[in-house]
Amino acid sequence: MLQLADVHVYYGHVHALRGVSMKIDDGKIVSLLGGNGAGKSTTLKIISRLIQPKNGFYEVDGQSMLKESPSRVVKRGIIHCPENRRVFPLFTVEENLKIGAYKRRDKKIKHDLEKVFTYFPRLKERVNQKAGTLSGGEQQMLAIGRSLMGQPKVLLLDEPSLGIAPNLVVEIFQIIKKINKEGTSVLLVEQNANMALAISDYAYVLENGHIALEGESRNLKNNDEVRRLYLGG
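Numbering-wise (the numbering used here), the sequence shown opens with residue 485 and increments by one.
Below you can see the structure in the form of structure tokens.
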């Protein structure tokens, strides 16, 4: 289980996270919803150890992570798939995927590469194509596939539907659900609240750096406040 407790983050004098507490249970999909500037990406950066909180706790299976380096977090199986894909445009699809396994020394890399291709067959079709020539949806698939090559126990997904055609959004969310069913926990940061709540088990709503609402996704989907702010009525 991954857990944050009473986390505070400042950017200069700006109090970006105000006592955020949340947890991701093993085998679950958890959604983190909120508008622009609510603190969603900052929360992911805390978990990835890209920034240090001013106060609070961050634990994985009861062990504090606040003194761990980002590379150690990756070794613990916590893999961050960032917003806007950030693929290596001049590298091929295969090279991008293998970069995701750069910390590994085991003999299953080829096996996991083929597994990524079962999730995303069009990546196999474009295996030797440079990533910068892929469509936005294909680059998102590549970014997720690259993250899977790190053998995540917890996959942090930051806005996977951003800038993607609607038909590909549905496909990508179906694959996220499949990845979860095969044993990977997921923290999903997403502005498409309808899609996020449809596939997640539990959800948190961030407003101005604090958790305003939380609960089972099916219940939040029927919450009047959530419907008004995030579900179009």
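For each residue, glycine too, the CB sits at the ideal point set by N, CA and C.
With a threshold of 16 other CB atoms inside 10 Å of the CB of residue i, please say whether the residue is buried or exposed.
{"i": "residue 708", "result": "exposed"}
{"i": "residue 536", "result": "exposed"}
{"i": "residue 717", "result": "Unreliable placement is indicated for residue 717, whose pLDDT of 48 sits below 50; the coordinate value is still reported in the next sentence. Result: exposed."}
{"i": "residue 574", "result": "exposed"}
{"i": "residue 495", "result": "exposed"}
{"i": "residue 544", "result": "buried"}
{"i": "residue 590", "result": "exposed"}
{"i": "residue 636", "result": "buried"}
{"i": "residue 491", "result": "buried"}
{"i": "residue 546", "result": "exposed"}
{"i": "residue 556", "result": "exposed"}
{"i": "residue 520", "result": "exposed"}
Bridge partners of residue i, per DSSP?
{"i": "residue 669", "result": "638"}
{"i": "residue 687", "result": "515 and 699"}
{"i": "residue 541", "result": "489"}
{"i": "residue 494", "result": "499"}
{"i": "residue 602", "result": "DSSP output for residue 602 lists no bridge partner at all."}
{"i": "residue 508", "result": "486"}
{"i": "residue 526", "result": "According to DSSP, which records beta bridges pairwise, residue 526 is partnered with nothing at all."}
{"i": "residue 613", "result": "None, per the DSSP bridge assignment."}
Assuming residue i and residue j form a contact by the criterion Cβ under 8 Å, report the distance between their Cβ atoms to the nearest whole angstrom.
{"i": "residue 513", "j": "residue 638", "result": "Incorrect: roughly 11 Å between the Cβ atoms, too far for contact."}
{"i": "residue 641", "j": "residue 670", "result": "6 Å"}
{"i": "residue 489", "j": "residue 540", "result": "6 Å"}
{"i": "residue 550", "j": "residue 600", "result": "In fact, because the Cβ distance is near 32 Å, the residues do not count as touching under 8 Å."}
{"i": "residue 680", "j": "residue 672", "result": "6 Å"}
{"i": "residue 675", "j": "residue 644", "result": "Not really, about 10 Å apart at Cβ, beyond 8 Å."}
{"i": "residue 634", "j": "residue 558", "result": "6 Å"}
{"i": "residue 620", "j": "residue 584", "result": "Not really, about 19 Å apart at Cβ, beyond 8 Å."}
{"i": "residue 695", "j": "residue 504", "result": "6 Å"}
{"i": "residue 704", "j": "residue 697", "result": "7 Å"}
{"i": "residue 564", "j": "residue 528", "result": "6 Å"}
Tell me which same chain residues have a C-beta within less than 6 Å of the C-beta of residue i, skipping the five on either side of it?
{"i": "residue 659", "result": "603"}
{"i": "residue 509", "result": "485"}
{"i": "residue 506", "result": "488 and 688"}
{"i": "residue 502", "result": "693 and 694"}
{"i": "residue 653", "result": "645"}
{"i": "residue 542", "result": "488, 549 and 550"}
{"i": "residue 664", "result": "513 and 670"}
{"i": "residue 630", "result": "580, 581 and 584"}
Can you name, in chain order, every residue of its own chain whose Cβ lies under 7 Å from the Cβ of residue i, other than the five neighbours on each side?
{"i": "residue 684", "result": "513, 514, 515, 672 and 701"}
{"i": "residue 534", "result": "554"}
{"i": "residue 667", "result": "511"}
{"i": "residue 566", "result": "642"}
{"i": "residue 438", "result": "In this structure the chain extends from 485 to 717, so residue 438 is not present and cannot be described."}
{"i": "residue 538", "result": "492, 493 and 494"}
Counting only the same chain and skipping the five closest in sequence on each side, list residues whose C-beta sits under 8 Å from that of residue i.
{"i": "residue 756", "result": "Residue 756 lies beyond the stretch modelled for the chain, which goes from 485 to 717, so this question has no answer here."}
{"i": "residue 656", "result": "621, 624, 625, 628, 644, 645 and 648"}
{"i": "residue 662", "result": "603"}
{"i": "residue 596", "result": "585, 632, 633 and 635"}
{"i": "residue 532", "result": "554, 557, 562, 564 and 640"}
{"i": "residue 552", "result": "533 and 560"}
{"i": "residue 587", "result": "555, 558, 559 and 634"}
{"i": "residue 593", "result": "582, 585 and 633"}
Strictly under 8 Å for the Cβ-Cβ distance: is residue i near chain C by that measure?
{"i": "residue 644", "result": "Reference to chain C is not applicable here, since this structure consists of a single protein chain."}
I'd like to know if the stretch 612-626 and the stretch 574-586 are in contact, where contact means that at least 3 CB-CB pairs between them fall below 8 Å. Yes: the two stretches touch, three or more of their Cβ pairs being nearer than 8 Å.
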